[in-house]
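Colleague:
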Amino acid sequence: MRILIITAGSRGDVAPFTGLGRRLQQAGHQVALAAHGRFAGLVRECGLEYRALPGDPVELVRARTAAPSPEAARSVFAAFLDELSEGVTAAAAAGTDVLLTAFGPAPLARVVADGFGIPSAGVYLAPGVPTREFLPPGWPSTGQLSPADNLAAGREVLTRTGSLYADALQRLRTRLGLPATTTEVSGPPDDWPIFHGFSPAVVPPPADWPATVHVTGYWWPAGPPAWRPPDQLVDFLAAGPPPVFVGFGSMTPAHERLHDVVAAAVERAGVRAVVQSGWAELGPAGNDILVVGDLPHDWLFPRTAAVVHHAGAGTTGAGLRAGVPAVPVPVLVDQPFWADRLHRLGVAPRPVPLHELTADILTDALRSCLDRPAYRDRATEIARTIRAEDGPAAVLSHITQLDQR
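Structure representation (structure tokens):
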């Protein structure tokens, strides 16, 4: 079958689907991955067909941040959604039998799949279905809420998302010759299949989720087949004890103070550090600091003593897989959710939101990770569990059933 995976956003929103796509490809399917242009090389290096989506997530973040009013920011996002609608449509028109979609573009992708008369399913990297058991990722926590409050918040997230997408969805339906409807505003129907690409050991599937909603285990990034670590990195790792990793991924690049915070904390904690520059363009100076660009976390993290990160879904999973303790420094969206999970799992001290981070706080968190064996012991235990899981298997089984109809 010709399978199209649609995703939008940062590298962390793309990389896991390279692993899922390669597994489906190995089973004999033709797999294309549609993403923004800056990730074309990543997709092709993993042996998958690349299909282009318009827009640049970095520029979108900058434009929305620079907007002079909430109304202007909403207009920026509305224009992005219209472009994305056209991109999803074009990607599907290039030849598709089954459409799999990440959470972000899901409302658009479902309409496109309906327009082309093909089956679709959700492939989510964070919980995307309301539940009584916990608040939805991205929802501000104001203390312990009741199960009813959790469920209401989850439904509200879908309603707000539907409201943001409503105009773009109606225009898309018109272009595809579909009748006007308002059903997308409340989220997908209960019988629409959704697969969550994280471990049930990290987020156990809630008892009140529909039977069509699954937690499969992680979809690990495929990685380029011929990747080799830079000599400078290999030499740095060999020159002393395992360093800590510091990186904030696709965080918006407007935090110059982090250079000084990271440099001071590394010195005060008495550690060595590999710092990933990321979108924040981190470049702290120090004799025990090596600054690197993008590289596979599955290679680097097992060689570290701890990982300091923004608690994005992909980075969180990579740290757990490596069996190393974490210092979660969440910034936005689903990151506080994953940061809280790491703490509850016992592999990390209490999360520190980025706006509260100081050199002293980071120093204390690093020393806590390194001086308390319980964090590493627990991380080792969880790593053993999630490495044994076969995350793509449930998605492959679903595709196989569709192929036999």
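In the UniProt record's numbering, the protein residues as written are 1 to 405. The beta carbon of each residue, even a glycine, is placed where N, CA and C say it ideally should be.
1) Count Cβ pairs between the stretch 324 to 341 and the stretch 297 to 312 that sit closer than 8 Å; are there 3 or more?
2) Using C-beta distances below 6 Å, list every residue in its chain close to T212, excluding the 5 sequence neighbours before and after it, in chain order.
3) Assign E389 to one of three DSSP states: helix, strand, or coil.
4) Quick one: using the 10 Å Cβ neighbour count with 16 as the cut-off for buried, is S120 buried or exposed?
5) Which residues in the same chain as A226 place their Cβ atom closer than 6 Å to its Cβ, once the five residues preceding and following it in sequence are excluded?
6) Using 8 Å for Cβ pairs, my map puts R171 next to D82. What's the rounded Cβ distance?
7) With H36 as the anchor, note down where its beta strand (DSSP E) starts and where it stops.
8) Looking at P325 and P379, is the spacing between their C-beta atoms short of 8 Å?
9) Where do the N-terminal and C-terminal ends of the beta strand (DSSP E) with V123 fall, by residue?
10) How many whole angstroms separate the CB atoms of L164 and F77, which I take to be in contact at a CB cut-off of 8 Å?
11) Mind checking which residues open and close the beta strand (DSSP E) that includes Y50?
12) When DSSP labels each residue in this structure, what does L233 get in the three-state scheme?
13) Between the C-alpha atoms of F39 and R2, what's the straight-line distance to the nearest angstrom?
14) Looking only at its chain, what residues have a beta carbon closer than 8 Å to the beta carbon of T304, apart from the 5 residues adjacent to it on each side?
15) Buried or exposed: V393, going by 16 or more other Cβ atoms within 10 Å of its Cβ?
16) Give the DSSP-derived three-state secondary structure of T161 in the structure shown.
17) I'd like to check one pair, P105 with T181: are the Cβ atoms closer than 8 Å?
18) Would N150 pass as a contact of T131 if the rule is Cβ separation under 8 Å?
19) Drop a sphere of 10 angstroms on the beta-carbon of L127, count the other beta-carbons inside from all chains shown, and report buried for 16 or more, exposed for fewer.
20) Three or more C-beta pairs under 8 Å: does that hold for the stretch 256 to 268 against the stretch 350 to 370?
21) Are the beta-carbon atoms belonging to L48 and L84 less than 8 Å from one another?
22) Ends of the alpha helix (DSSP H) at A326?
23) Run through DSSP, which three-state label would A263 get?
24) If you reduce the DSSP assignment to three classes, tell me which class F103 lands in.
25) Let me check you understand the geometry: is the CB of P243 closer than 7 Å to at least one non-hydrogen atom of the ligand SAH?
26) Taking the alpha-carbon positions, what's the L53 to R372 distance?
27) Within 10 angstroms of the Cβ of H36, are there 16 or more other Cβ atoms? Answer buried if so, exposed if not.
28) Does L84 come out as helix, strand or coil in the three-state DSSP assignment?
29) Can you tell me whether Q26 is buried or exposed? The criterion is at least 16 other CB atoms within 10 Å of its CB, across all chains shown.
30) The beta strand (DSSP E) with Q276 in it runs from where to where?
31) Going by Cα to Cα distance, which pick from S69, A79, F116 is closest to A90?
32) Go to F245, then tell me how far its beta strand (DSSP E) extends in each direction, as first and last residue.
33) I believe L233 touches L290 by the beta-carbon criterion, under 8 Å. Please report the beta-carbon distance rounded to the nearest angstrom.
34) Rounded to whole angstroms, what is the Cα-Cα separation between I399 and F198?
35) Using only CA atoms, which one of G55, L42, D97, H196 lies nearest to L295?
36) Let me know the secondary structure DSSP gives H310 once reduced to three states.
Modeller: So, to answer that:
1) yes
2) As a working note, residue 212 is residue 212 in the sequence shown. These residues qualify, in order along the chain: D191, P193.
3) What you label residue 389 is simply residue 389 of the sequence shown in a count that begins at 1. In the structure shown, E389 sits in coil (DSSP, three-state: anything other than H, G, I, E or B).
4) As a working mapping, residue 120 is identified with position 120 in the sequence shown. Counting Cβ neighbours within 10 Å, S120 comes out buried, since at least 16 surround it.
5) Position 226 of the sequence shown, counted from the first residue, corresponds to residue 226. For A226, where only same-chain residues beyond five positions count, there are no Cβ hits under 6 Å.
6) Counted from its first residue, the sequence shown places residue 171 at position 171. Counted from its first residue, the sequence shown places residue 82 at position 82. Right, the Cβ-Cβ distance comes to about 7 Å (below 8 Å), so this counts as a contact.
7) Residue numbering aside, residue 36 sits at position 36 when the sequence shown is read from its first letter. H36 -> beta strand (DSSP E) spans 30 to 36.
8) By one-based count along the sequence shown, residue 379 stands at place 379. By one-based count along the sequence shown, residue 325 stands at place 325. Reading the sequence as shown, one finds Ala at residue 379 and not Pro. Closer than 8 Å, so yes.
9) As a working note, residue 123 is residue 123 in the sequence shown. That run of the beta strand (DSSP E) goes 120 to 124.
10) Indexing the sequence shown from 1 puts residue 164 at position 164. Indexing the sequence shown from 1 puts residue 77 at position 77. Yes, they are in contact, since the Cβ atoms of L164 and F77 sit about 7 Å apart, within 8 Å.
11) Numbered from 1 along the sequence shown, position 50 holds the residue referred to as residue 50. Taken as a continuous stretch (DSSP letters only), the beta strand (DSSP E) holding Y50 covers 49 to 53.
12) Within the sequence shown, numbered from 1, the residue matching residue 233 stands at position 233. DSSP places L233 in helix when its eight states are reduced to three.
13) In the sequence shown, counting from the first residue as 1, residue 39 sits at position 39. In the sequence shown, counting from the first residue as 1, residue 2 sits at position 2. Looking at the two C-alpha atoms, the distance is approximately 21 Å.
14) Indexing the sequence shown from 1 puts residue 304 at position 304. If the five residues before and after T304 are omitted, its C-beta is found closer than 8 Å to the C-beta atoms of P242, P243, V244, F245, V274, A322, V324, all from its own chain and listed in chain order.
15) As a position in the sequence shown, residue 393 is number 393, starting the count at 1. It should be pointed out that residue 393 corresponds to Ala in this sequence rather than to Val. Per the 10 Å Cβ criterion, exposed.
16) Counting from one through the sequence shown, the residue named residue 161 turns up at place 161. Here T161 sits in helix by DSSP.
17) Against the sequence shown, residue 181 aligns to sequence position 181. Against the sequence shown, residue 105 aligns to sequence position 105. No, they are not a contact pair.
18) Counted from its first residue, the sequence shown places residue 150 at position 150. Counted from its first residue, the sequence shown places residue 131 at position 131. Yes. Within cutoff.
19) Here residue 127 is taken as the residue at index 127 of the sequence shown, counted from 1. The displayed chain sequence assigns Pro, not Leu, to residue 127. Buried: at least 16 other Cβ atoms inside 10 Å.
20) Result yes; three or more Cβ-Cβ pairs closer than 8 Å.
21) The residue labelled residue 48 in the question sits at position 48 within the sequence shown. The residue labelled residue 84 in the question sits at position 84 within the sequence shown. No.
22) Translated into positions along the sequence shown, residue 326 becomes position 326. Bounds of any alpha helix (DSSP H) do not take in A326; it lies within the beta strand (DSSP E) bounded by 326 to 328.
23) As a working note, residue 263 is residue 263 in the sequence shown. Residue state, collapsed to three classes: helix.
24) The sequence position of residue 103 within the sequence shown is 103, counting from 1. Three-state DSSP puts F103 in coil, outside helix and strand.
25) The model on display carries no ligand, and the ligand SAH is accordingly not part of it.
26) As a first step, residue 53 is located in the sequence shown; it is residue number 53 there, counting from the start. As a first step, residue 372 is located in the sequence shown; it is residue number 372 there, counting from the start. Cα to Cα, L53 sits roughly 45 Å from R372.
27) Taking the sequence shown and counting its residues from 1, the one referred to as residue 36 is at position 36. With 16 or more other Cβ atoms within 10 Å, it is buried.
28) For this step, residue 84 is matched to residue 84 along the sequence shown. L84 falls in the helix class under three-state DSSP.
29) Walking along the sequence shown from the start, residue 26 turns up at place 26. By the 10 Å Cβ count, Q26 comes out exposed.
30) As a working mapping, residue 276 is identified with position 276 in the sequence shown. Annotation: the continuous beta strand (DSSP E) that includes Q276 extends over 273 to 276.
31) Position 90 of the sequence shown holds residue 90. The option with the nearest alpha carbon to A90 is F116.
32) The sequence position of residue 245 within the sequence shown is 245, counting from 1. F245 -> beta strand (DSSP E) spans 244 to 247.
33) In the sequence shown, residue 233 corresponds to position 233, counting from 1. In the sequence shown, residue 290 corresponds to position 290, counting from 1. In this structure, L233 and L290 form a Cβ contact; the two beta carbons are roughly 7 Å apart against a cut-off of 8 Å.
34) Here residue 399 corresponds to residue number 399 of the sequence shown, with the count starting at 1. Here residue 198 corresponds to residue number 198 of the sequence shown, with the count starting at 1. One C-alpha to the other measures close to 19 Å.
35) Taking the sequence shown and counting its residues from 1, the one referred to as residue 295 is at position 295. It is L42.
36) The count along the sequence shown starts at 1 and reaches residue 310 at position 310. DSSP, read as helix, strand or coil, puts H310 in coil.
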